[in-house]
Amino acid sequence: MNKLDSQSASEIVIFGALGDLSRRKLLPALYQLEACGLINENSRIIGVARPTHDLEEFKAFVLENINTFVKESLDESVLARFMARLVYQQVDLVEVEAYEGLAKTLLAGNKTRVYYFSTSPAIYGNICDGLNHANLVTDNDRVVMEKPIGHCLESSKVINNQVARFFKENQIYRIDHYLGKETVLNLLVLRFANSLFTTNWDRNSIDHVQITVAESVGIEGRWGFYDEAGQMRDMIQNHLLQVLSLLAMEPPADLSAESIRAEKLKAVKALAPIDRNNVKEKTVRGQYADGYLNGVGVPGYLNEEGANTTSKTETFVAIKAEINNWRWSGVPFYLRTGKRMPAKHSEIVVHFKAQPHNIFKDSHSDLPANKLTIRLQPDEGVELQMMNKIPGIATQMNIQENKLDLSFNDTYKDQRVIDAYERLMLEVLNGNQSLFVSRDEVEAAWTWADSIIDAWKSTNEAPKPYAAGSWGPVSSISLIARDDRQWVE
Ligand code: BG6
Numbered sequence: 214m215n216k217l218d219s220q221s222a223s224e225i226v227i228f229g230a231l232g233d234l235s236r237r238k239l240l241p242a243l244y245q246l247e248a249c250g251l252i253n254e255n256s257r258i259i260g261v262a263r264p265t266h267d268l269e270e271f272k273a274f275v276l277e278n279i280n281t282f283v284k285e286s287l288d289e290s291v292l293a294r295f296m297a298r299l300v301y302q303q304v305d306l307v308e309v310e311a312y313e314g315l316a317k318t319l320l321a322g323n324k325t326r327v328y329y330f331s332t333s334p335a336i337y338g339n340i341c342d343g344l345n346h347a348n349l350v351t352d353n354d355r356v357v358m359e360k361p362i363g364h365c366l367e368s369s370k371v372i373n374n375q376v377a378r379f380f381k382e383n384q385i386y387r388i389d390h391y392l393g394k395e396t397v398l399n400l401l402v403l404r405f406a407n408s409l410f411t412t413n414w415d416r417n418s419i420d421h422v423q424i425t426v427a428e429s430v431g432i433e434g435r436w437g438f439y440d441e442a443g444q445m446r447d448m449i450q451n452h453l454l455q456v457l458s459l460l461a462m463e464p465p466a467d468l469s470a471e472s473i474r475a476e477k478l479k480a481v482k483a484l485a486p487i488d489r490n491n492v493k494e495k496t497v498r499g500q501y502a503d504g505y506l507n508g509v510g511v512p513g514y515l516n517e518e519g520a521n522t523t524s525k526t527e528t529f530v531a532i533k534a535e536i537n538n539w540r541w542s543g544v545p546f547y548l549r550t551g552k553r554m555p556a557k558h559s560e561i562v563v564h565f566k567a568q569p570h571n572i573f574k575d576s577h578s579d580l581p582a583n584k585l586t587i588r589l590q591p592d593e594g595v596e597l598q599m600m601n602k603i604p605g606i607a608t609q610m611n612i613q614e615n616k617l618d619l620s621f622n623d624t625y626k627d628q629r630v631i632d633a634y635e636r637l638m639l640e641v642l643n644g645n646q647s648l649f650v651s652r653d654e655v656e657a658a659w660t661w662a663d664s665i666i667d668a669w670k671s672t673n674e675a676p677k678p679y680a681a682g683s684w685g686p687v688s689s690i691s692l693i694a695r696d697d698r699q700w701v702e
């Protein structure tokens, strides 16, 4: 996908350059692209923020954060090249006139301007107004937007409309960083480069699918922000639905953004609605209580710093999602995600159907069905559980469940594990939208999520408590056990 040759010179403008996302992810990602020789020699990186800083102060800030967040040792010559690209521009982002200063800083000419909105979405509209006021919008420019795009369908439309006044859809890159993860990208390869999974990927072969995205961290000092969102808006509406749509979509005609996004959209649109009538049966919300992680006591959500002790915000969600189409009718996709779970652990487990008839029943009354496990993080890899004969002489056939295990760490030892933002930043520079979320997808995802959130609100029930360091509330076990299935631990 690297179109190194086609990469033209860019002015990469980061709004909110001093913020958390910029220092932890964007600047380190750009440094890594520099190290790989993937940034055009004439491109510049313009940090924009409200505080007054001179260039040397900004460079010191960048250096400190690259030192902190780039895991590999830094290369002096790469660093020198990278530092030479940096520019700092003070702008009060909500003052339209302030963008005139930015206009003077940005170079005229035919460079592509990439505007990265690494700020609160509440001011995306202000940034667009400012850019327009300062004549900084042309058809050649690109906008990169971070989530959350809204709090619900309506508010997402407001944000998207504000940006759409000045930028066309083909100029807008909406980030869902899960789409930049190697293991998520590999879903396309696994499904569409292996005939084994081309033919066995539907209701005839698959019993059900589990998608788990567990985090051991709590809300990491962002109580106020998180409490407004909750796990449904923070993780399911975007990351888990993106993973689900890649798993469930029909084969795209090619790797173009139009083809991939159209198929993902159809999958999300085919999700069976969950509303007030079935929300209790199909979903579980939880909230972590005091507990232990690796033997250390950790506070519950309501005891975190800054917490409002009456909050009913969920930190855990489990959902039985169903897709109403020919391929997936009758195949549940069980989604589960939570904070303060025992470990950071994300995986997809595809449970195939059992054999129709067991010829080994004299020795094995139960033949476990095949399972395909796609380990998203950590310990990235793909594992296929299958039955195998234990070698040796015996009167009966001794068989055993075993696995074919493709561990990325072992197989690709010499490859650096790249961060999702490196991939996504590269695709923005290359003008490839296939790893970004279209407006239609955002809206379809909100439509489905809003209906669930609305149904929860109508019940007015508090989320079920679960001890920090556990796998969620007991009712999440019942959710799947009712179907005679169980979560893979
Ligand atoms: C973010 C959420 O989008 O994704 C965070 O806002 C979450 O709450 C994070 O912790 C998880 O990302 P990753 O890459 O660590 O799985």
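In this text, residue positions in the sequence shown follow the working numbering: the first is 214, and each later residue adds one.
Built from N, CA and C at the ideal position, the CB exists for glycine as well.
Note down, one range per segment and in chain order, each alpha helix (DSSP H) of at least 4 residues found wholly within the stretch 658-688. none
Report the rounded CA-to-CA distance for residue 382 versus residue 652, giving the unit in angstroms. Taking the first residue of the sequence shown as position 1, residue 382 is located at position 169. Taking the first residue of the sequence shown as position 1, residue 652 is located at position 439. Near 8 Å, if we compare the C-alpha coordinates of residue 652 and residue 382.
Inspect the CB distances between the stretch 585-603 and the stretch 634-643 and report whether three or more fall short of 8 Å. no
Tell me which residues share the same chain as residue 278 and place their Cβ nearer than 6 Å to its Cβ, disregarding the 5 neighbours each side in the sequence. Against the sequence shown, residue 278 aligns to sequence position 65. Hits under 6 Å: 236, 240.
Exposure label - residue 392; buried when at least 16 CB within 10 Å: On the sequence shown, position 179 is the one that residue 392 refers to. With 16 or more Cβ atoms within 10 Å of its Cβ, residue 392 is classed as buried.
Pick out whichever of 643, 317, 410 has its Cα sitting closest to the Cα of residue 353. Within the sequence shown, numbered from 1, the residue matching residue 353 stands at position 140. Closest option to residue 353, Cα to Cα, is 643.
Which complete alpha helix (DSSP H) runs does the stretch 428-460 hold, if anything under 4 residues is left out? 436-444
Does the stretch 605-625 touch the stretch 445-464, meaning 3 or more C-beta pairs lie closer than 8 Å? no
Between residue 554 and ligand 1, is there a pair consisting of the residue's CB and a ligand heavy atom that are separated by less than 7 Å? Reading the sequence shown from its first residue, position 341 is the one you call residue 554. Answer for residue 554: no, Cβ out of range of ligand 1.
Just to confirm, are residue 302 and residue 318 a CB contact at a threshold of 8 Å? As a first step, residue 302 must be located in the sequence shown, where it is residue number 89. As a first step, residue 318 must be located in the sequence shown, where it is residue number 105. Yes, these two residues count as a Cβ contact at 8 Å.
Which of the three DSSP states, helix, strand or coil, is assigned to residue 394? Walking along the sequence shown from the start, residue 394 turns up at place 181. Here residue 394 sits in coil by DSSP.
May I ask whether a heavy atom of ligand 1 can be found less than 7 Å away from the beta carbon of residue 610? As a first step, residue 610 is located in the sequence shown; it is residue number 397 there, counting from the start. It does not: the Cβ of residue 610 is nowhere closer than 7 Å to a heavy atom of ligand 1.
State the start and end residues of the unbroken alpha helix (DSSP H) segment that holds residue 408. On the sequence shown, residue 408 is found 195 positions in, with the first residue counted as 1. Segment 408-412, the alpha helix (DSSP H) holding residue 408.
Nearest CA to the CA of residue 581: which residue from 593, 567, 558? Mapped onto the sequence shown, residue 581 falls at position 368. Looking at the Cα atoms, 567 is the closest of the given residues.
Is residue 424 closer than 8 Å to residue 174 when the C-beta atoms are compared? No information on residue 174 is available, as it lies outside the stretch 214 to 702 that the chain covers here.
Go ahead and pull the three-state DSSP assignment for residue 497. Locating residue 497 in the sequence shown gives position 284, counting from the first residue. Strand.
Note down the Cα distance separating residue 377 from residue 458, rounded to an integer number of angstroms. The residue given as residue 377 occupies position 164 in the sequence shown. The residue given as residue 458 occupies position 245 in the sequence shown. The alpha-carbon atoms of residue 377 and residue 458 are separated by roughly 25 Å.
By the 10 Å Cβ neighbour count, where 16 or more other Cβ atoms means buried, how is residue 505 classified, buried or exposed? What you label residue 505 is simply residue 292 of the sequence shown in a count that begins at 1. Exposed is the call here.
Where do the ends of the alpha helix (DSSP H) carrying residue 369 lie? Start at 1 with the first residue of the sequence shown, and residue 369 comes out as number 156. Its alpha helix (DSSP H) spans residues 366-377.
Relative to the C-alpha of residue 663, which residue among 404, 487, 284, 537 is closest? One-based indexing of the sequence shown puts residue 663 at position 450. The shortest Cα separation from residue 663 among 404, 487, 284, 537 belongs to 487.
Please find out if some non-hydrogen atom of ligand 1 comes closer than 7 Å to the beta-carbon of residue 559. In the sequence shown, the residue the question calls residue 559 occupies position 346. The answer is yes for residue 559.
Could you name the residues that DSSP lists as bridge partners for residue 304? Working through the sequence shown from its first residue, we reach residue 304 at position 91. Answer by DSSP bridge pairing: none, since residue 304 is not bridged.
Please determine if the stretch 679-698 and the stretch 492-507 are in contact, where contact requires at least 3 C-beta pairs separated by less than 8 Å. yes
How about residue 600: is its Cβ closer than 7 Å to a heavy atom in ligand 1? Within the sequence shown, the letter at position 387 stands for residue 600. No, the Cβ of residue 600 stays beyond 7 Å of every heavy atom of ligand 1.
To the nearest whole angstrom, what separates the beta carbons of residue 299 and residue 268, a pair I think is in contact under 8 Å? The residue labelled residue 299 in the question sits at position 86 within the sequence shown. The residue labelled residue 268 in the question sits at position 55 within the sequence shown. Indeed they touch by this definition, with Cβ atoms about 7 Å apart.
Can you give me the start and stop residues for the beta strand (DSSP E) that residue 462 sits inside? As a working mapping, residue 462 is identified with position 249 in the sequence shown. Note, residue 462: premise wrong, no beta strand (DSSP E); not H, not E.
State yes or no: is the C-beta of residue 419 within less than 8 Å of the C-beta of residue 544? Counted from its first residue, the sequence shown places residue 419 at position 206. Counted from its first residue, the sequence shown places residue 544 at position 331. Yes; because the gap between Cβ atoms is below 8 Å, this pair is in contact.
If you compare alpha carbons, which of 482, 305, 573, 272 is closest to residue 296? As a working mapping, residue 296 is identified with position 83 in the sequence shown. Ranking 482, 305, 573, 272 by Cα distance to residue 296 puts 272 first.
Using 10 angstroms around the beta-carbon of residue 332, count the other beta-carbons present and answer buried if the total reaches 16, otherwise exposed. Numbered from its first residue, the sequence shown carries residue 332 at position 119. Buried.
Any chance the CB of residue 533 is under 7 Å from a heavy atom of ligand 1? Counted from its first residue, the sequence shown places residue 533 at position 320. No; taking the cut-off as 7 Å, the Cβ of residue 533 has no heavy atom of ligand 1 nearer than that.
Count the other CB atoms, across all protein chains shown, that sit within 10 Å of the CB of residue 616; report buried if there are 16 or more and exposed otherwise. Along the sequence shown, read from residue 1 onward, the residue named residue 616 stands at position 403. It is exposed - the Cβ of residue 616 has fewer than 16 other Cβ atoms within 10 Å.
Give me whichever residues DSSP pairs with residue 655 in a beta bridge. Counting from 1 along the sequence shown, the entry for residue 655 is found at position 442. According to DSSP, which records beta bridges pairwise, residue 655 is partnered with nothing at all.
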